Amino acid sequence: MLFPTFLRSCVSRSKRCTSLSSSSIMRYASKVTTLSLSHRKRKGNKITMVTAYDFPSAVHVARAGIDIVLVGDSVAMVELGHDTTQPVTLDQMLHHCDSVKRGLNFAGSPTPLLVGDMPFGTYEYDDTDVALRNAYRFVKEAGCDAVKVEGGSVARAKTVKKLVEGGIAVMGHVGLTPQAISVLAGFRAQGRTAQRAREVLDDALRLQDAGAFACVIECVPSNVAAAITDTLEIPVIGIGAGGETSGQVLVYHDMLGMLSHPHHEQFVPSFCKKYAFVGHAIQDGLQQFKSEVENGSFPGVTYSPYVMGEDEKKMFAELLSADEKERQRKHDAAAKKLVQADEYEQLKLYGSQSASPNEDGEK
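The numbering of the sequence shown is the numbering used here, which starts it at 311 and goes up by one.
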């Protein structure tokens, strides 16, 4: 614990360490670290991890006291609309990580551990220097405390070892590895045979031996996850892996029902419990806004707070009357162009389709 000792010496020599404010010292003192997570596992205290992808979600997660915030490559699906996690780029991940970092700082202490997901195609190379360069960007440009990589093969363990030796804290990920969807032929549960379960365990052991500080295990039977958790010294964070792991992780949008709607529920993984139905509230709010704008009740006097003095109103009316005829001429000319454009659209002169009926049923 050299760094906390250094902080204490800086406090006693404040004139020489003016760059360290009391708030930054307190934030560090209350920050979740890789060592504190290991301590939690040894004590049998469960660990919580939730994804966040932007400033507001990071603020909410931090203020809830969640231990780890993962900026997952699942952003590709829940934020960017892709079918898989594969399309998201390194620059996109850094953009989201940077936004989340600002959210965590804004929320104040205690500060969760911030983990950035290294996206598909940024760390799988035989040349592990490529992975190290990309991992450094997560730390230096986006302020991440650690990175996460998927897979536990011998080659992946070599990459993890390279990153750890380079000063990067690494979280592993075994079981279902969504970035490998092309190889796995879809999002399928893993470890459901004895042989495959043993392979998942070996993957996790390799990651631990390579220096990973924790490991996510996804979509495996609970007895397999329990065996892996008992075998490893590092924390094992489960998702769809039963309740015997060191902790649990869920996707922010899934657990809060962000895409829920009273008439058409969006797909949510079967292992995900919904703790809220935010999507319902969002739909209600948007529909109420639409209705109030259309019927004229919004904004009304209540939400129109800016007023002009009576003298200024009089002067403004005089300014308007000075060029009233010219403004009316321009108004009429513009209206004529818009009417003509509207007629072209109704008659479909620029396409092969026949004219569609208007609101009165006429063509």
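Cβ coordinates follow ideal geometry from the N, Cα and C atoms, glycine included. Just so we're clear, the structure is a prediction, and the values are computed from it rather than from any experiment.
(request) Report the residue ranges of all alpha helix (DSSP H) runs contained in full by the region 516-599; include only those spanning at least 4 residues, in chain order. (result) Whole alpha helix (DSSP H) segments, 4+ residues: 532-541 and 562-565.
(request) Please say whether Leu473 and Leu442 have beta carbons closer to each other than 8 Å? (result) Leu442 places its beta carbon less than 8 Å from that of Leu473.
(request) Specify the secondary structure class of Thr358 as computed by DSSP and reduced to three states. (result) Look at Thr358 here: in three-state DSSP terms it is strand.
(message) Let's test the definition: count the other Cβ atoms within 10 Å of the Cβ of Met428 and tell me whether it reaches 16, buried, or not, exposed.
(response) By the C-beta density criterion, Met428 is buried, having at least 16 other C-beta atoms within 10 angstroms.
(message) Do Val480 and Ala522 have their beta-carbon atoms positioned less than 8 Å apart in this structure?
(response) Yes, they are a contact pair.
(message) Considering only DSSP beta bridges, list what Met481 is partnered with.
(response) Paired residue(s): Lys458 and Ala524.
(message) Can you list, in chain order, the residues of its chain with a C-beta nearer than 8 Å to that of Ala514? Leave out the 5 residues immediately preceding and following it.
(response) Residues Gly462, Gly482, Val484, Cys525, Ile527, Ile538, Thr541, Leu542 and Val546 of the same chain have their beta carbon placed closer than 8 Å to that of Ala514, with the five preceding and five following residues left out of the count.
(request) Can you tell me which of the three DSSP states Ile491 falls into? (result) Ile491 carries a helical assignment under DSSP once its states are collapsed to helix, strand and coil.
(message) Measuring only the C-alpha atoms, how far is Gly548 from Gly382?
(response) Across the structure, Gly548 and Gly382 are spaced so that their CA atoms are roughly 15 Å apart.
(request) State the start and end residues of the unbroken beta strand (DSSP E) segment that holds Leu423. (result) Element bounds for Leu423: Leu423 to Asp427.
(message) With distance defined between alpha-carbon atoms, name the residue in Ile378, Thr503 and Asp512 nearest to Pro531.
(response) That would be Thr503, whose Cα lies nearest to the Cα of Pro531.
(message) Going by beta-carbon coordinates alone, are Gly589 and Leu569 separated by less than 8 Å?
(response) For Gly589 and Leu569, yes; Cβs fall inside 8 Å.
(request) Work out the CA separation of Gln593 and Arg352 for me, nearest whole Å. (result) Inter-residue distance for Arg352 and Gln593 is about 44 Å (C-alpha atoms, whole angstroms).
(message) Taking CB distances under 8 Å as the criterion, tell me whether Gln638 reaches chain C.
(response) Annotation note: the requested chain C is absent from the structure, which comprises a single protein chain.
(message) Restricting to runs no shorter than 4 residues, where is the alpha helix (DSSP H) found entirely within the region 601-633?
(response) Within the region 601-633, the runs of alpha helix (DSSP H) at least 4 residues long that lie entirely inside it are, in chain order, 620-632.
(request) Answer with buried or exposed for Gln598, where buried requires no fewer than 16 other C-beta atoms within 10 angstroms of its C-beta. (result) Around the beta carbon of Gln598, fewer than 16 other beta carbons lie within 10 angstroms, which makes this residue exposed.
(message) To the nearest angstrom, how far is the alpha carbon of Val649 from that of Arg639?
(response) C-alpha separation (whole angstroms): 16 Å.
(message) Once DSSP output is grouped into helix, strand and coil, what is the label at Leu486?
(response) Leu486: coil per DSSP, three-state reduction.
(message) Taking the straight line between their C-alpha atoms, what separation do you get for Ser631 and Ala645?
(response) Looking at the two C-alpha atoms, the distance is approximately 21 Å.
(message) Quick check on the DSSP output: the beta strand (DSSP E) that includes Leu390 runs from which residue to which?
(response) From DSSP, Leu390 is part of no beta strand (DSSP E); its letter is neither H nor E.
(message) Output needed for Met336: all residues of its chain with C-beta closer than 7 Å, excluding positions within five of it in sequence on either side, in chain order.
(response) At Met336, the pLDDT of 45 sits below 50, so the modelled position is not reliable; the number obtained from the coordinates is stated separately. If you ignore the 5 residues before and after Met336, its C-beta comes within less than 7 Å of the C-beta of Ser419, all in its own chain and listed in chain order.
(request) Apply the 10 Å Cβ neighbour rule to Ala651 and answer buried if 16 or more other Cβ atoms are within range, or exposed otherwise. (result) So Ala651 ends up on the exposed side.
(request) Using alpha carbons as the reference points, say which of Gly453, Glu451, Lys450 and Thr438 lies closest to Val459. (result) If you compare the alpha carbons of Gly453, Glu451, Lys450 and Thr438 with that of Val459, the shortest gap goes to Thr438.
(request) Kindly indicate which three-state DSSP category Ser331 falls into: helix, strand or coil? (result) For Ser331, the predicted structure reports a pLDDT of 49, less than 50, and the residue's modelled location is therefore unreliable. The matter cannot be settled from this model.
(request) Give me the Cα-Cα distance between Met565 and Thr394, rounded to the nearest whole angstrom. (result) One C-alpha to the other measures close to 19 Å.
(request) Using three-state DSSP, classify Val440 as helix, strand or coil. (result) It is helical.
(request) List the DSSP bridge partners of Leu380. (result) DSSP output for Leu380 lists Thr361 and Val425 as bridge partner(s).
(message) Just to confirm my understanding: we take Glu669, look at its own chain, exclude 5 residues before and 5 after, and list those with CB closer than 8 Å. What are they?
(response) Summary for Glu669: the model assigns pLDDT 46, below 50, so the residue's position carries little reliability; its value from the coordinates is reported in the next sentence. Here the set comprises nothing.
(message) Please classify Arg323 as buried or exposed, where buried requires at least 16 neighbouring CB atoms within 10 angstroms.
(response) Because the pLDDT of Arg323 is 41, which lies under 50, any placement of that residue in the model is unreliable, and the question is left without a value.
(request) Can you have a look at Met359 and say buried or exposed, based on whether 16 or more other CB atoms are within 10 angstroms of its CB? (result) The residue in question, Met359, is buried, as its Cβ has 16 or more Cβ neighbours within 10 Å.
(message) Give me, in chain order, the residues of the same chain whose beta-carbon lies closer than 6 Å to that of Val561; leave out the 5 immediate sequence neighbours on both sides.
(response) Hits under 6 Å: Thr361 and Ser384.
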